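Undergrad:
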C-alpha cells in the first residue's frame, strides 16, 4: 500500500494569523490615533476651537502676548528645550556607536538605530510640512494685534502676504518626536513603554503650551506635530521590526 503523502514541514506552512496581526497592530497604533487627530482638527480648525482657545489666552495675558519674549518661555523652554532634545539625540548616537563597537550591546543596535531615525525623520518631516502649508502664527494675525488676515489650511494664500511657516508646530516636535521611545521600549523593556510614551507626550505638551502662551501656535498645530511624529514612529517600527520577525507584535497584543 503506498505511503500517504507527507505534510510539508511547519516552516513551509503559511501563517494565516500574520496579516490579521499586522492589521490589528495598525488599527490600534495608527488608525485610531489618526482618527482622533482628525476629530480634534474638526473641532479646532473647522469649528474655530483654535481661535476660541487663543482668544482666552490672549485676553488672560492682557490683550497682548505678554509671554512672547519672557525669559522662561524663550530661554528656558524654547531654547533650553531645543538644546535638551539635541543633547538626547547626541546621547542616542553615542549609544548606537557603542553598540556597534561592543558585542555586549549588540541587541541594542537595531532599537537604537530605530530611535535615532524616528526622531530625526519626524522632526524633519514637521519642518518640511511647515514650509509647505504656509500658515501664519497667531501673533501675526490681525485678530491678535498682527498685520495679516487668517488664511486657512486649504485656502489659497495671496502672494502679497509673503511666506509663513507655523503649521505643524516645530518646537513641539522636539518633544513629540520622542514618542518613538514607546516602540524602543517595546523592543528593549516592554514594561517601560508607557512611562516612555508619557515622558515624550508630557515634554511635547510643555513645549507646545509654552509656544501657545507666546502666540506662536494654535492648538491644532501641536495636534498635527504629534500626529506626524506618531505616524513616523509606527510606520518605521513596522519597517524595521516586521511581524514576521518581531515577536513583540504577537507577545504584546495590547501594547
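In the numbering used here, the protein residues as written are 41 to 295.
All C-beta atoms in this analysis are idealised placements derived from N, C-alpha and C, irrespective of residue type, glycine included.
As the structure is a prediction and not an experimental result, all values here were calculated from the model.
1) Just confirm the distance between the C-beta atoms of residue 242 and residue 221, as a whole number of angstroms; I'd bet it's less than 8 Å.
2) Determine the DSSP secondary structure at residue 70, reduced to helix, strand or coil.
3) Is it buried or exposed, residue 178, if we count other Cβ atoms within 10 angstroms and call 16 or more buried?
4) For residue 149, which residues of its own chain have a beta-carbon under 8 Å away from its beta-carbon, when the five flanking residues on both sides are left out?
5) DSSP state of residue 99, grouped into three classes?
6) Please report the residue range of the alpha helix (DSSP H) in which residue 217 lies.
7) Is it the case that the Cβ atoms of residue 261 and residue 198 are separated by a distance below 7 Å?
8) Are the CB atoms of residue 272 and residue 171 within a distance shorter than 7 Å?
9) Helix, strand or coil, according to DSSP, for residue 188 in the structure here?
10) Quick one: what's got a C-beta closer than 8 Å to residue 275's C-beta in the same chain, skipping five residues either side?
11) Residue 131 to residue 212, Cα distance in whole Å?
12) Taking contact to mean at least 3 C-beta pairs separated by less than 8 Å, is the region 221-233 in contact with the region 181-199?
13) So is the beta-carbon of residue 275 under 6 Å away from any non-hydrogen atom of the ligand MN?
14) Which of the three DSSP states is assigned to residue 157 in this structure?
15) Can you check the region 102-164 for any alpha helix (DSSP H) of at least 4 residues that lies completely inside it and give the ranges in chain order?
16) Straight-line CA distance for residue 205 to residue 257?
17) On a CA-only basis, which of 246, 223, 229 is nearest residue 278? Give me that one, please.
18) Should residue 65 be labelled buried (16 or more other beta-carbon atoms within 10 Å of its own) or exposed?
19) To which residues does DSSP link residue 181 through a beta bridge?
20) Contact defined as beta carbons within less than 8 Å: I believe residue 252 pairs with residue 97. What is the distance between those atoms, to the nearest angstrom?
21) Does the beta-carbon distance from residue 247 to residue 129 come in below 7 Å?
22) Roughly how many whole angstroms lie between the Cα atoms of residue 268 and residue 125?
23) Looking only at its own chain, which residues have a Cβ that is under 7 Å from the Cβ of residue 210, when we skip the five neighbours before and after it?
24) Output needed for residue 254: all residues of its chain with C-beta closer than 7 Å, excluding positions within five of it in sequence on either side, in chain order.
TA: Reading from the atomic positions:
1) Counting from one through the chain shown, the residue named residue 242 turns up at place 202. Counting from one through the chain shown, the residue named residue 221 turns up at place 181. Not confirmed; about 12 Å, so no contact.
2) For the purposes of this step, residue 70 is taken as residue 30 along the chain shown, with counting starting at 1. In the three-state reduction of the DSSP assignment, residue 70 falls in the helix class.
3) Your numbering for residue 178 matches position 138 in the chain shown. Residue burial is scored here from C-beta neighbours: residue 178 has at least 16 other C-beta atoms within 10 angstroms and is therefore classed as buried.
4) Residue mapping note: residue 149 aligns to position 109 of the chain shown, counting from 1. Hits under 8 Å: 136, 139, 140.
5) Within the chain shown, residue 99 is the residue found at index 59, counting from 1. DSSP places residue 99 in the helix class (H, G or I) of the three-state scheme.
6) Here residue 217 corresponds to residue number 177 of the chain shown, with the count starting at 1. Following the DSSP letters along the chain, one finds residue 217 in no alpha helix (DSSP H), marked with neither H nor E.
7) Locating residue 261 in the chain shown gives position 221, counting from the first residue. Locating residue 198 in the chain shown gives position 158, counting from the first residue. Taking 7 Å as the Cβ cut-off, residue 261 and residue 198 do not qualify as a contacting pair.
8) In the chain shown, the residue the question calls residue 171 occupies position 131. In the chain shown, the residue the question calls residue 272 occupies position 232. Between residue 171 and residue 272, the C-beta gap is not smaller than 7 Å, which leaves the two residues out of contact.
9) In the chain shown, counting from the first residue as 1, residue 188 sits at position 148. In the three-state reduction of the DSSP assignment, residue 188 falls in the strand class, which pools E and B.
10) Translated into the one-based positions of the chain shown, residue 275 becomes position 235. Excluding five sequence positions before and after residue 275, the CB atoms of its chain that fall closer than 8 Å to its own CB belong to 70, given in chain order.
11) Indexing the chain shown from 1 puts residue 131 at position 91. Indexing the chain shown from 1 puts residue 212 at position 172. For residue 131 and residue 212, the gap between their C-alpha atoms comes out near 20 Å.
12) At 8 Å Cβ cutoff, the stretches do not touch.
13) Here there are no bound small molecules, and the ligand MN is not part of this structure.
14) One-based indexing of the chain shown puts residue 157 at position 117. Correct three-state label for residue 157: helix.
15) The region 102-164 is shown to contain whole alpha helix (DSSP H) runs of 4 or more residues at 120-141, in chain order.
16) Looking up residue 205 in the chain shown gives position 165. Looking up residue 257 in the chain shown gives position 217. The C-alpha of residue 205 lies about 10 Å from the C-alpha of residue 257.
17) Stepping through the chain shown from its first residue, residue 278 is reached at position 238. Selected option, being the one with the closest Cα: 223.
18) Residue mapping note: residue 65 aligns to position 25 of the chain shown, counting from 1. The residue is buried, with at least 16 neighbouring Cβ atoms inside 10 Å.
19) Your numbering for residue 181 matches position 141 in the chain shown. In DSSP, residue 181 forms a bridge with 188.
20) Within the chain shown, residue 252 is the residue found at index 212, counting from 1. Within the chain shown, residue 97 is the residue found at index 57, counting from 1. Contact between residue 252 and residue 97 holds, since their C-beta atoms are separated by about 6 Å, short of 8 Å.
21) The sequence position of residue 247 within the chain shown is 207, counting from 1. The sequence position of residue 129 within the chain shown is 89, counting from 1. The Cβ atoms of residue 247 and residue 129 do not sit closer than 7 Å to each other.
22) Along the chain shown, read from residue 1 onward, the residue named residue 268 stands at position 228. Along the chain shown, read from residue 1 onward, the residue named residue 125 stands at position 85. Cα atoms of residue 268 and residue 125: separation of roughly 17 Å, rounded to the nearest angstrom.
23) In the chain shown, the residue the question calls residue 210 occupies position 170. Within the same chain, residue 210 has close Cβ partners 166, 167, 170.
24) Within the chain shown, numbered from 1, the residue matching residue 254 stands at position 214. Closer than 7 Å at Cβ, skipping near neighbours: 105, 107, 108, 113.
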